[in-house]
Amino acid sequence: MVISSKGEYALRVMADLAINHDGRFIPLKEIVQKEELSQKYLESIMRMLSKANLIEAASGHGGGYRLKKAPEEYTLWEILELTEGGLAPVACMKNSTITCDRSKQCYTLPIWQGLAELIQEYFQGKTLADIARNVE
């Protein structure tokens, strides 16, 4: 399992918004400079996060992005599930469906299912507030 750059950057930008969670809108340019990310790529990630109602966007002077909820209300799982479509440890489990014809005879499937549960539980147990606390 490898988290894509989209997932990594989404977590980074959401963490940045959580760390600076004071109600103000943070301009994209400020986030780009702080996180050293491509503006064009980050714009597409911000659209995805906004469309999923995870962030609020405002245009014009004083515009930018901010969280819609308190940092402790966002699990890392919901962000990664949005960007990654889940975090399957093996390809046959992608999208929470066992797609392998051999699944009934697969001796290792229970191991992968157990790992998938651990990964999901871990990220469901972590919030943006946890990341913000590590910075303070």
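In UniProt numbering, the protein residues as written are 1 to 136.
Quick reminder that beta carbons are idealized off the backbone N, C-alpha and C, glycines included.
query: CA-to-CA distance, Y74 to A116, given in whole angstroms; result: 20 Å
query: Backbone CA spacing between G119 and L87 [nearest angstrom]; result: In the sequence under discussion, the amino acid at residue 119 is Ile, which differs from the Gly named in the question. Approximately 8 Å between the Cα atoms of the pair.
query: Inter-residue spacing [alpha-carbon to alpha-carbon] between M14 and G60; result: 21 Å
query: Cβ neighbour criterion (16 or more within 10 Å) applied to I79; result: buried
query: Range of the contiguous beta strand (DSSP E) that encloses Y122; result: Not the beta strand (DSSP E): Y122 falls in the alpha helix (DSSP H), residues L109 to Q124.
query: Residue interval of the beta strand (DSSP E) (run including Y74); result: From DSSP, Y74 is part of no beta strand (DSSP E); its letter is neither H nor E.
query: With 16 other Cβ atoms within 10 Å as the buried cut-off, status of P110; result: exposed
query: Beta-carbon proximity check, E77 vs M93, cutoff 9 Å; result: First, the amino acid is wrong: residue 77 is Trp here, not Glu. No, these two residues do not count as a Cβ contact at 9 Å.
query: Cα-Cα separation, L17 to G23; result: 10 Å
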